[in-house]
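Participant:
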Amino acid sequence: MAQTEKENGFEQDSHVGVRLLSYLLTFSFVISLAASSFVIYSDYQRGVSQFQKNLDQIHTSYQQSVSYSLWNFDNRQLESQLHGILNFPGVVYVYIENRDKLIQSAGDIYAQADQTYSFELTHESSAQHYPLGQLFINVNYTGLYDDLKYKAVTIIFTQFLKTFSVSIFILFLVRILITRRLATMASWANTFNLKNLDNPLNFNDNRHRNDELDLVANAINGMRKTLKSDAEERENARIQLLETKEQLTVAI
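Under our numbering, the first residue of the sequence shown is numbered 1, with each subsequent residue one higher.
(1) Output yes or no for whether 7 Å exceeds the beta carbon distance between Ser-28 and Thr-154.
(2) Does the contact criterion of 3 or more C-beta pairs under 8 Å hold for the segment 107-117 versus the segment 138-157?
(3) Rounding to the nearest angstrom, what Cα-Cα distance links Gly-90 and Phe-51 in this structure?
(4) Opposite Ser-107 in the DSSP bridges: which residues?
(5) Identify the continuous beta strand (DSSP E) that holds Ser-167 and give its terminal residues.
(6) Answer yes or no: do Leu-55 and Tyr-117 have a C-beta to C-beta separation smaller than 7 Å?
(7) Quick one: what does DSSP say Phe-136 is sitting in, helix, strand or coil?
(8) From Leu-173 to Val-166, what distance separates their C-alpha atoms?
(9) Within 10 angstroms of its Cβ, does Ile-58 collect 16 or more other Cβ (buried), or is it exposed?
(10) Is the beta carbon of Glu-120 closer than 7 Å to that of Gln-256?
(11) Work out the CA separation of Val-92 and Gln-63 for me, nearest whole Å.
(12) Tell me the DSSP secondary structure of Phe-51 in three-state form.
(13) Please report the straight-line C-alpha distance between Gln-159 and Leu-21, rounded to a whole angstrom.
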């Protein structure tokens, strides 16, 4: 009964592989989260930088043409140019103001603006400078945020799947190479006593190896043989002593 309780106790306390799996998953989650945060932040900075490059390109490409259309009251061309600006990623609303008066606009006025960019519209003629107003560009980061969310979920999922697969394989190896053999050693130790020294410790896995657990098993078997030899010597000495006593008794 006591032996059974000991074996059950070992089974309850031998979840080394499960604890190892939980530690691996926890550590991997922390590392994956940190790595994902770094990647996502880098991509965010890169995305914002790309938006700024697009705005600079709009400034360079459209300032003179829009100013020319505005100076010539070419509303059709002006509308076409503003819609062309809307084709740039993230641009949701474009409008021209002069002295707080809206002159022309295109896009969704109600769209959230995460960034507003503007530049002056001017016309020069006969060495004179004529201010025509300002062109404002509202930029929305929703597309960037959606891409970052998708990338974050993809990275975390793939990292978790990879780590979980590796952890399961490690758990399998721990079970085969360590836990099962430790259970064999514990079961053998529960049946070991000085009256049962003929039962060697064997793992019975038919594998030729010489790892640390095999060294421990060999040391235990060596100790068992030493104990058996000492017990046999003591038994022989006891028998010899009894025979000597009997001979003395007969002689007397």
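Here a beta-carbon is modelled for each residue, glycine too, at the ideal position from N, C-alpha and C.
Facilitator: Taking the structure as given:
(1) no
(2) yes
(3) 7 Å
(4) The sequence given here has Gly at residue 107, not Ser. Paired residues: Tyr-93.
(5) It is not in any beta strand (DSSP E) - Ser-167 instead sits in the alpha helix (DSSP H) that spans 142-174.
(6) yes
(7) In the displayed model, Phe-136 falls within a strand according to three-state DSSP.
(8) 11 Å
(9) buried
(10) Shown here, the chain extends from 1 to 252; a query on residue 256 therefore has no answer.
(11) 18 Å
(12) helix
(13) 15 Å
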